[in-house]
Structures are given as structure tokens and as C-alpha cells.
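Protein chains in written order, with my numbering: chain A, 1 to 113; chain B, 1 to 112. Ideal Cβ positions, reconstructed from N, Cα and C, are used throughout, including at glycine. Worksheet for the structure shown next.
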Amino acid sequence: DAGITQSPRHKVTETGTPVTLRCHQTENHRYMYWYRQDPGHGLRLIHYSYGVKDTDKGEVSDGYSVSRSKTEDFLLTLESATSSQTSVYFCAISVRAGGETQYFGPGTRLLVL
Amino acid sequence: KQEVTQIPAALSVPEGENLVLNCSFTDSAIYNLQWFRQDPGKGLTSLLLIQSSQREQTSGRLNASLDKSSGRSTLYIAASQPGDSATYLCAVRDNAGNMLTFGGGTRLMVKP
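Encoded structure:
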């Protein structure tokens with residue numbers, strides 16, 4: 001699992017509330033990613049980070065923000081959750097050894113009512 | 001914009017059969033291609049990574065090939081087992097950026 005944990009693993013929240021998901025890695029890899037997975041859309045990149053305080057947008061970044069104040073933690077925030085953000089969220093890291101392989105965390109299931 | 005397609009979307013085979021999963025991509029300027037396995041309700045497990053300069057990679061009963069010029073990759077599974085039942089995803093990393101573009105996956109069921 002490349003030392004990746006995500007918290008919480010499951011969350012139910014209401015429309016309009018803020019939500020923060022945490023991704024934690026133990027191996028000090030530079031690149032970290034947030035994806036969402038939805039039926040019919042597959043996995044899509046939300047944001048990624050290439051270092052502390054260095055982040056960039058992915059394909060579906062609207063409604064999401066991220067922060068990375070420490071190498072090991074990458075936070076995804078939904079400022080005001082909407083039902084369309086109900087999804088499974090995966091964090092990933094990129095490991096350079098062997099050619100930039102991405103390894104994924106176990107996922108967070110988010111339900112926005 | 002890179003697009004990745006996996007056909008078929010679902011596949012059911014009897015145990016012991018050799019099988020091939022297909023992945024195609026529209027932009028051949030790729031950095032690498034990665035195959036993943038995903039079990040229901042779980043995260044993604046990396047199976048094989050093929051660099052753009054490579055033709056194939058092997059791991060146990062799995063063999064992945066890459067034909068960059070035609071925009072295709074295949075994942076060959078030899079002597080399939082019920083434990084191979086899962087969704088298989090391919091993902092392409094472009095030269096231009098750091099993001100992976102995923103295919104929709106092939107849901108494989110191996111029947112005992």
C-alpha cells in the first residue's frame with residue numbers, strides 16, 4: 001500500500017457543509033494526488049501537489065481546494081459540499097523508482113445528502 | 001486531450017482460460033502506461049508499469065504489452081483463476097504533465 005492512509009474512510013454530510021479529507025504518507029514522496037471515482041466517469045484527477053505548498057489543478061477541480069503544509073499530508077477540502085460531490089475519493093502518490101509508478105490509498109466514501 | 005478506452009467493459013471466462021484485456025489511447029505521446037487491479041469497494045493495486053520505451057513487462061501470470069505508435073496496450077492473463085476476478089484499469093501518463101488518464105475498466109469474472 002506504499003504507506004498511504006486516508007481519513008475518514010466513510011463520511012455522510014449535508015449539502016452546504018464544509019468537508020476535509022486527509023491523505024497521509026509515510027515515505028516522503030514529492031508528488032501526491034487526489035482523484036474521484038464515479039460510475040460512468042471512471043477515475044478523474046481533482047488536484048495534485050508536487051511539493052510543500054505547491055499544488056495544481058486537475059481535470060475536475062471546481063468546488064475543491066487542497067493544501068499541503070507538510071510533505072506527508074495532503075488535504076482535500078470541499079468548501080460547501082454538494083450532492084454532485086458524492087463519490088469515492090482516492091489519494092495517490094508517485095514513486096520515482098521504477099519509472100513513476102502511482103500507488104493509491106484505500107479511498108474515502110463520501111455521501112452528501 | 002488524451003482519451004483512454006477499454007474494451008470489453010465486462011468479461012466472463014471459465015477458470016484456466018488465457019485471456020487478453022485491451023486498452024487504447026488517442027495520443028501516442030505518452031510517458032508510461034500502468035495497469036491496475038481494483039477489487040469491489042477497495043483501492044487500486046498497481047500490477048504493471050510500462051515505460052514508453054518498453055514493449056512489454058511481465059509479472060507472474062501477467063504480461064502487459066505496449067504499442068505506442070498504434071495507441072494500444074494489452075494485458076495478458078495466463079491460466080486465469082477465480083481470484084483474478086476484479087476490475088482491471090489501464091492509465092496513461094502523458095509526456096506533458098503529471099496526471100494519469102484512466103480508462104473505464106474491464107470487469108473480469110473468472111468462474112470456477
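Backbone secondary structure at residue i - three-state DSSP
| i | result |
| --- | --- |
| A/S116 | Outside the displayed span of chain A (1 to 113) sits residue 116 of chain A, for which this structure offers no information. |
| B/G83 | helix |
| A/R96 | coil |
| B/R55 | coil |
| B/N32 | strand |
| B/V13 | strand |
| A/V42 | Checking the sequence shown, residue 42 of chain A turns out to be Gly, not Val. If DSSP states are grouped into helix, strand and coil, A/G42 belongs with the strands. |
| A/M178 | With chain A running from 1 to 113 in the structure shown, residue 178 of chain A is simply not present. |
| B/T5 | strand |
| A/T71 | coil |
| A/V52 | coil |
| B/V92 | strand |
| B/D27 | coil |
| A/L113 | coil |
| A/T108 | strand |
| B/D39 | coil |
| B/A64 | strand |
Contacts around residue i, its chain only, beta-carbon distance under 6 Å, and the 5 residues preceding and following it disregarded
| i | result |
| --- | --- |
| B/R93 | Y31, N32, L100 |
| B/A10 | R107 |
| A/G16 | S80 |
| B/A91 | Q34, L100, F102 |
| B/R72 | S24 |
| A/S65 | T77 |
| A/R138 | Since the displayed chain A opens at 1 and closes at 113, residue 138 of chain A lies outside it and no answer follows. |
| A/K11 | L110 |
C-beta atoms of residue i and residue j nearer than 7 Å
| i | j | result |
| --- | --- | --- |
| B/S53 | A/T101 | no |
| B/T87 | B/G105 | yes |
| A/T86 | A/L111 | yes |
| A/T167 | A/L75 | Limits of chain A in this structure are 1 at one end and 113 at the other, which puts residue 167 of chain A out of reach. |
| B/S80 | B/E17 | yes |
| B/F36 | B/L89 | yes |
| A/R9 | A/T77 | no |
| B/A29 | B/N98 | no |
| B/D39 | B/Q2 | no |
Cut-off 7 Å between Cβ atoms - residues of its own chain near residue i, not counting five sequence neighbours on either side
| i | result |
| --- | --- |
| B/R55 | S65, L66 |
| A/H29 | I93, S94, V95 |
| A/K115 | In the structure displayed, chain A extends from 1 to 113; residue 115 of chain A sits before or after that span and is not available. |
| B/D84 | I77, L108, V110 |
| B/K68 | S28, I30, S52 |
Presumed contact (8 Å Cβ cut-off) between residue i and residue j, rounded CB distance
| i | j | result |
| --- | --- | --- |
| A/G105 | A/Q37 | In fact, because the Cβ distance is near 12 Å, the residues do not count as touching under 8 Å. |
| B/L44 | A/F90 | 7 Å |
| A/L43 | A/Y31 | That pair is no contact at about 16 Å. |
Contacts around residue i, its chain only, beta-carbon distance under 8 Å, and the 5 residues preceding and following it disregarded
| i | result |
| --- | --- |
| A/T13 | V19, A81, L110, L111, V112, L113 |
| B/V13 | L19, S80, L108, M109, V110, K111 |
| A/S61 | I46, H47 |
| B/Q57 | L48, L49, I50, N63, A64 |
| B/I7 | N22, S24, T106 |
| A/R68 | M32, S49, G51, V52, K53, D54, T55, F74, L75 |
| A/E72 | H24, Q25, T26, N28 |
| A/K70 | V52 |
| B/P82 | E15, V110, K111, P112 |
| A/S83 | T15, V112, L113 |
If you measure beta-carbon to beta-carbon, which residues of the region 45 to 77 of chain A are closer than 9 Å to chain B?
Against chain B - using a Cβ distance shorter than 9 Å - the residues of the region 45 to 77 of chain A are L45, Y48, Y50, D56, G58, E59.
Output, in sequence order along the chain, the residues in the region 98 to 109 of chain A whose CB is closer than 9 Å to any CB in chain B.
Within the region 98 to 109 of chain A, the qualifying residues are G98, G99, E100, T101, Q102, Y103, F104, G105, P106, G107, R109.
Can you pull out the residues from the region 22 to 45 of chain A whose beta carbon lies closer than 7 Å to at least one beta carbon of chain B?
Answer set for the region 22 to 45 of chain A: Y31, G42, L43, L45.
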